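The numbering of the sequence shown is my numbering, which starts it at 0 and goes up by one.
Ideal Cβ positions, reconstructed from N, Cα and C, are used throughout, including at glycine.
Please read all numbers here as calculations on a predicted model, not as lab measurements.
Structure record follows, encoded as structure tokens.
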Amino acid sequence: PFLVGTPVAGPSPFGQVAGAVGAVAPFFSDIRLKDDIQLVGKSPSGINIYNFKYKGDNKQYQGVMAHQVPQASEVHANGYLYVDYSKIDVDFKEI
């Protein structure tokens with residue numbers, strides 16, 4: 000399956016899979032890749048929604064923490080969790 004990397008550029012561990020701008024799910028959503036995490040709400044089904052930045056990226060995004068949505072998360076070969084947002088009622092977006 001086609002995997003979409005985080006929208007992180009530069010020295011990120013995902014430089015090789017980054018850059019799929021405008022693509023759909025899945026996205027790397029491992030908490031170990033994020034900074035400035037703030038809980039901002041809940042989805043209709045009760046999933047926590049967060050604002051955050053990826054380490055090494057100054058842009059702010061909104062989405063979930065992969066470890067909190069095991070029904071939509073898988074471990075990539077690189078050891079980080081990614082989320083298939085098509086399986087949950089939360090959208091991943093840049094804010």
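Looking from the CA of Q67, the closest CA among I94, S42, A76 and E93 belongs to S42. Among the bridge pairs identified by DSSP, F27 is matched with Y81. Of the residues I48, L32, R31 and K33, the one whose Cα lies closest to the Cα of V39 is I48. Residue pairing from DSSP places L38 in a beta bridge opposite Y49. For Q61, the enclosing beta strand (DSSP E) stretches over residues Y60 to G62.
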